[in-house]
Amino acid sequence: MEGLALAAAVVQFVEFTTKIVTKGIAIHQSVTGKPVDHEELEAVTKSLASNSKEIEKTMSIRRQDGQPAEVDQDLQTIATGCQDIAKELLSVLDGLAAKKSRTPWRSFRHALQATWNEGKVKSLEERLDRYRQQMMAVVLSSLMRQAELLIQGQYQIRESIEEMNERTRNTVPVGDQFVRQLVDGDTWRREVVRMIHERRRELQKPNTHLNSTTSDGGESAPTDVVIQQRILRKLAFRNMADRERRISKAYERTFEWIFADPMPGSRPWSSFKAFLGDQSKSIYWITGKPGSGKSTLMKYIRQQSQTTQLLQAWSGDAELIQAAFYFWNSGSQMQMTVDGLLRTVLHDCLKQLPPSTAQRLLPERWEAATLFEDDDFPWSWEETSQALGTLVTEVHPEIRFFLMIDGLDECSGNQTELIELITELTDQASNLKCCLASRPWNNFEDAFRRCPSLRVQDLTAPDIAHFIDSKFRSNSGFLEFQTRAPSQAQTLVKDIATKAEGVFLWVLLVVRSLLEGLTDGDSVDDLHERLEELPPTLEELYAKILKGLREKHLDHASRIFQIVKVSLARPLLVRIALADLEDGSRAMRAPVEPLSPEETYALCRSMKRKLVSRCRGLLEVSSPDDYKSLDDPENHEPDLLDPHHGVHGELSPTFEVQYLHRTVKDYIQSSAIWPWLLSANREPFDPHLSLMKSHLLSLKMPWYNGLNGRNITWLCITHAKLSLDSQSSQAAGRKEVLLLLDELDRTVTSYCDAFSDGRWSAASCFFPSTWPSSFAHLMAACGIHQYLEARFFDFDLMEEQQKEGGIDITTPLLIAAIDDQLTWNFPHVGSYLDGPHEKVVAALLDMGADCHGLYDGRSAWDVAERQGNVGILALFEKHCGPKPEPGRRRAGGTEHSGDATSFDSPS
Numbered sequence: 038m039e040g041l042a043l044a045a046a047v048v049q050f051v052e053f054t055t056k057i058v059t060k061g062i063a064i065h066q067s068v069t070g071k072p073v074d075h076e077e078l079e080a081v082t083k084s085l086a087s088n089s090k091e092i093e094k095t096m097s098i099r100r101q102d103g104q105p106a107e108v109d110q111d112l113q114t115i116a117t118g119c120q121d122i123a124k125e126l127l128s129v130l131d132g133l134a135a136k137k138s139r140t141p142w143r144s145f146r147h148a149l150q151a152t153w154n155e156g157k158v159k160s161l162e163e164r165l166d167r168y169r170q171q172m173m174a175v176v177l178s179s180l181m182r183q184a185e186l187l188i189q190g191q192y193q194i195r196e197s198i199e200e201m202n203e204r205t206r207n208t209v210p211v212g213d214q215f216v217r218q219l220v221d222g223d224t225w226r227r228e229v230v231r232m233i234h235e236r237r238r239e240l241q242k243p244n245t246h247l248n249s250t251t252s253d254g255g256e257s258a259p260t261d262v263v264i265q266q267r268i269l270r271k272l273a274f275r276n277m278a279d280r281e282r283r284i285s286k287a288y289e290r291t292f293e294w295i296f297a298d299p300m301p302g303s304r305p306w307s308s309f310k311a312f313l314g315d316q317s318k319s320i321y322w323i324t325g326k327p328g329s330g331k332s333t334l335m336k337y338i339r340q341q342s343q344t345t346q347l348l349q350a351w352s353g354d355a356e357l358i359q360a361a362f363y364f365w366n367s368g369s370q371m372q373m374t375v376d377g378l379l380r381t382v383l384h385d386c387l388k389q390l391p392p393s394t395a396q397r398l399l400p401e402r403w404e405a406a407t408l409f410e411d412d413d414f415p416w417s418w419e420e421t422s423q424a425l426g427t428l429v430t431e432v433h434p435e436i437r438f439f440l441m442i443d444g445l446d447e448c449s450g451n452q453t454e455l456i457e458l459i460t461e462l463t464d465q466a467s468n469l470k471c472c473l474a475s476r477p478w479n480n481f482e483d484a485f486r487r488c489p490s491l492r493v494q495d496l497t498a499p500d501i502a503h504f505i506d507s508k509f510r511s512n513s514g515f516l517e518f519q520t521r522a523p524s525q526a527q528t529l530v531k532d533i534a535t536k537a538e539g540v541f542l543w544v545l546l547v548v549r550s551l552l553e554g555l556t557d558g559d560s561v562d563d564l565h566e567r568l569e570e571l572p573p574t575l576e577e578l579y580a581k582i583l584k585g586l587r588e589k590h591l592d593h594a595s596r597i598f599q600i601v602k603v604s605l606a607r608p609l610l611v612r613i614a615l616a617d618l619e620d621g622s623r624a625m626r627a628p629v630e631p632l633s634p635e636e637t638y639a640l641c642r643s644m645k646r647k648l649v650s651r652c653r654g655l656l657e658v659s660s661p662d663d664y665k666s667l668d669d670p671e672n673h674e675p676d677l678l679d680p681h682h683g684v685h686g687e688l689s690p691t692f693e694v695q696y697l698h699r700t701v702k703d704y705i706q707s708s709a710i711w712p713w714l715l716s717a718n719r720e721p722f723d724p725h726l727s728l729m730k731s732h733l734l735s736l737k738m739p740w741y742n743g744l745n746g747r748n749i750t751w752l753c754i755t756h757a758k759l760s761l762d763s764q765s766s767q768a769a770g771r772k773e774v775l776l777l778l779d780e781l782d783r784t785v786t787s788y789c790d791a792f793s794d795g796r797w798s799a800a801s802c803f804f805p806s807t808w809p810s811s812f813a814h815l816m817a818a819c820g821i822h823q824y825l826e827a828r829f830f831d832f833d834l835m836e837e838q839q840k841e842g843g844i845d846i847t848t849p850l851l852i853a854a855i856d857d858q859l860t861w862n863f864p865h866v867g868s869y870l871d872g873p874h875e876k877v878v879a880a881l882l883d884m885g886a887d888c889h890g891l892y893d894g895r896s897a898w899d900v901a902e903r904q905g906n907v908g909i910l911a912l913f914e915k916h917c918g919p920k921p922e923p924g925r926r927r928a929g930g931t932e933h934s935g936d937a938t939s940f941d942s943p944s
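When the letters of the sequence shown are read in order and numbered with the numbering used here, they come out as residues 38 to 944.
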């Protein structure tokens, strides 16, 4: 396997050198904030020399093993060429270091041009690119030999590749870590897999009987259905169907007009019924005011069988495929982007088609899914957009496709790009129809003005009158009023409908207010007066609702709005309830035992009442009807009895707190209103601290037995970090967060005791067993320098190290702060905890940490040097001096293996 080690070293060198020469590395700033020139060059020189030495080291090992194979000779030639480049560049760097430039260089390329002419720099670029291409061929050839073994001896190539990755994990191998550190690594890996399978198919042509055989281990090749499911699973994303279910269902006997012909005398609109059966029209545009019911209408169309029946006049005998996507700017990133649209539509279409479609449409994905159960290639916009176009125009031109896309105005990306995508698709494909919905913004008006269309508010007056009348008739007070004064009751309904101007949401809020008045015994005159006082626009209505709150309730409403806004996980009713507890110390005092169903229900019921009384319905409880395991999309259904139907048939901890409508969110979080809401807090309030307590309580008192403890731990840590980073001047709040982190340590350790020896590293239910076992290590990896500073204040690390028998307790912490183990092992933790963490490094160095100490054969300096991290290398040199010569060890330096460090922070 030394060939792979050498390949890894060469790729590392090519990647680093290409980055500094072709793209240029910007001249960073030093820790003092001043421009750096020779300091930067020195760091580049050291990184370059380190990469070159790694090649030489691996080559010397290979020379001792005898004559290399033909493919390995090619690799040897490339490695020698890389060494030649290294010598040239190191020579140039030595010359630059001797010069005293008056001004810092903008980049390494700029510095290089001070010695070489542009032609020579260009020649170097070409050599690097040539080596890069040759390396792809070498790696491919190496893997081809494994493929040939598969054919000749029915050997499993998948097992071989997994073995390669496992055995070269720490040398940036051909597997995930190898690709991840390449320039354009995804492209390299995709191309390698594609070429592997092209070669594999060629090899299998004369041996087709092998397709049905199994490996020596008895494992059969995956079926087409299984491969299709793998691709669909990769296309899917969390909460993909979430938005549609959240949209309110159409009120009974409303929107029925959409399938009828326009009535004479009504405002002009294009017949939707005619559009569905028309052979020439490809786009129908539904537009309207905010809150007029566009999304509800789209959901209604989507769910009605009449839609399919009317489309059959267009599709005839051809197969009909339908798909829908609802943009949502209150959802996840995927729910508000074109990427989410493309993946959802592709997923829904392929799900309705045979596996052969996916094989023809996405051949590289199909081949990768044949080899790997989990394909980690990310989807690109180019890939999915091209796939959708190819599906409609080339793979299945005989099939009719009907797409519904709601909320174009809620797309957070380039809306011009979105419009072009839709119009180009419909122009190219006569077998495609699209029903679109958006606000009447200029860009959509310009694009779709010539398409069949309607304005929702022009057509909903009868629906609104029916809604008002039905709601009032369900109230006994109104029925008495109607009996006494039928004409006045009818006038009230008419006045509401007229003032609404087609905005269903306004009607909902006004009817709610008037029904409260009827319940309170308001007279007819009181109701008319109340209606006159209500403003005609949504924003003015929201303002009146908030300003009508008592000061104490407005303070509370502000806190709830803040908690919902910053929540990193789904705002479940029980999570918000735990974050809003009056007893702020409960997270510290609570025992580790499940929360009873009765108390869970009581919390949920109390929180729902608070939302009504404090937020006046602007936040409401949403009932999910397609419940899935929380926080972890890969989990199966948890072991729980109907959690989504409510603990007592009423409420459930899995119900969510949501804004009543997008217009509410836009208003609340606007630049004019949000600061005013924050100012309503009579005391300083930190929503991240509240959510940290909520997640810690969920960990200590799980409210159902399907909770994912690892993900809740990450949420707790992330909110702790965000809290500490946002309140550096609030000593009391900072102290509380640190105490809660200690409590998190104790809580997770108590869980670990039930499974293992109590060490964090051995707790397979939380973290990989390869991790060092101290909570301090985790804090360093997460960048929470405040915890380390507080816990090690006035604490002599070197003295403690001597007490521990000379075991190095600082190097693992330094490496944890620099390395990317955290996000590599747990990519879903998000950018908040991404390293490297210079503040942690600086804090540890101030405490006496040694960056030259070895841990598992590497020092913190080695890690930073490999990354080319100039800022951290500058910190190291400032505190610890230059790197020792090879073979020499600084005084006090020690080396220990990964399981030697069990140091925990002092209590």
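Note that beta-carbon positions come from the ideal geometry of N, C-alpha and C, so glycine has one too.
query                                                                                                                                                                          : result
Relative to the C-alpha of aspartate 446, which candidate in Asn479, Arg280, Glu630 has its C-alpha closest?                                                                   : Asn479
Among Leu425, Pro305, Lys589, Val658, which has the Cα closest to the Cα of valine 493?                                                                                        : Pro305
Using DSSP bridges, identify the partner residues of cysteine 472.                                                                                                             : Tyr321, Met441
Contact between the stretch 287-302 and the stretch 511-520 is defined here as three or more beta-carbon pairs at a separation below 8 Å; is this criterion met?               : no
Give a yes or no on whether the C-beta atoms belonging to cysteine 652 and alanine 594 are separated by under 8 Å.                                                             : yes
If we ignore side chains and look at the alpha-carbon of each, how far apart do leucine 891 and lysine 758 end up?                                                             : 29 Å
Sort Ser342, Phe812, Met644, Glu630 by Cα distance to tyrosine 741 and report the nearest one.                                                                                 : Glu630
Quick one: what's got a C-beta closer than 6 Å to tyrosine 321's C-beta in the same chain, skipping five residues either side?                                                 : Phe312, Cys472, Pro489
Write down every uninterrupted run of the beta strand (DSSP E) in the stretch 726-769 whose length is 3 residues or greater and which is fully enclosed by it, in chain order. : none
Indicate whether the contact test is met: 3 or more Cβ pairs, each with one atom in the stretch 695-715 and one in the stretch 367-383, closer than 8 Å.                       : yes
According to the Cβ coordinates, are phenylalanine 309 and glycine 377 closer than 8 Å?                                                                                        : no
Taking only three categories from DSSP, how would you classify phenylalanine 515?                                                                                              : helix
Apart from the five residues on each side of it in sequence, which residues of its chain come closer than 6 Å, Cβ to Cβ, to proline 608?                                       : Val601, Glu693, Val694
Does the contact criterion of 3 or more C-beta pairs under 8 Å hold for the stretch 345-354 versus the stretch 424-433?                                                        : no
For the putative contact between isoleucine 268 and alanine 395, defined by C-beta atoms under 8 Å, what is the C-beta separation to the nearest angstrom?                     : 5 Å
Compute the Euclidean distance between the alpha carbons of aspartate 871 and aspartate 762, then round it to the nearest angstrom.                                            : 14 Å
Compare the beta carbon distance of threonine 421 and leucine 379 with 8 Å and say whether it is the shorter of the two.                                                       : yes
Whose CA, out of Ala880, Phe829, Thr848, lies closest to the CA of glycine 820?                                                                                                : Ala880
Can you give me the C-alpha to C-alpha distance between glutamate 356 and leucine 408, rounded to a whole angstrom?                                                            : 32 Å
Could you tell me the boundaries of the beta strand (DSSP E) in which serine 659 lies?                                                                                         : 656-659
Thinking C-beta only, is leucine 733 closer than 8 Å to leucine 777?                                                                                                           : yes
Any idea if proline 724 is buried or exposed, counting beta-carbon neighbours within 10 angstroms, 16 or more meaning buried?                                                  : buried
Below 8 Å on the Cβ atoms is my contact criterion, and I expect valine 969 with isoleucine 505 to pass it. Report the Cβ-Cβ distance as a whole number of Å.                   : In the structure as shown, the chain starts at 38 and stops at 944, and residue 969 therefore has no counterpart that could be examined.
In terms of DSSP beta bridges, what is glutamine 695 paired with?                                                                                                              : Glu657
With a threshold of 7 Å on Cβ separation, who are the neighbours of arginine 549 within its own chain once the five nearest residues in sequence on each side are excluded?    : Gly654
Could you tell me the alpha carbon to alpha carbon distance between valine 382 and arginine 567, rounded to whole angstroms?                                                   : 47 Å
Taking the alpha-carbon positions, what's the tyrosine 824 to tryptophan 751 distance?                                                                                         : 16 Å
Can you tell me the Cα-Cα spacing of arginine 783 and proline 921, whole angstroms?                                                                                            : 40 Å
Please identify the residue among Gln525, Ala717, Phe812, Ser650 whose C-alpha is closest to the C-alpha of aspartate 592.                                                     : Ala717
Taking the beta carbon of proline 690 as the centre, do at least 16 other beta carbons fall within 10 Å, making it buried, or is it exposed?                                   : buried
Please report the distance separating the alpha-carbon of lysine 589 from that of valine 262.                                                                                  : 59 Å
Compute the distance between the beta-carbons of cysteine 119 and phenylalanine 50, then report whether it is under 8 Å.                                                       : yes
Between the stretch 880-889 and the stretch 847-855, do at least 3 Cβ pairs fall closer than 8 Å?                                                                              : yes
How many Å lie between proline 243 and aspartate 411 at the Cα?                                                                                                                : The pLDDT assigned to proline 243 is 48, lower than 50, so where the model puts this residue is not dependable; a value taken from the coordinates is nonetheless given after this. Using only the alpha carbons, I get a separation of about 30 Å.
Start and end of the alpha helix (DSSP H) containing alanine 854?                                                                                                              : 848-855
With distances taken Cα to Cα, identify the nearest neighbour of glutamate 404 among Glu720, Arg771, Gln265.                                                                   : Gln265
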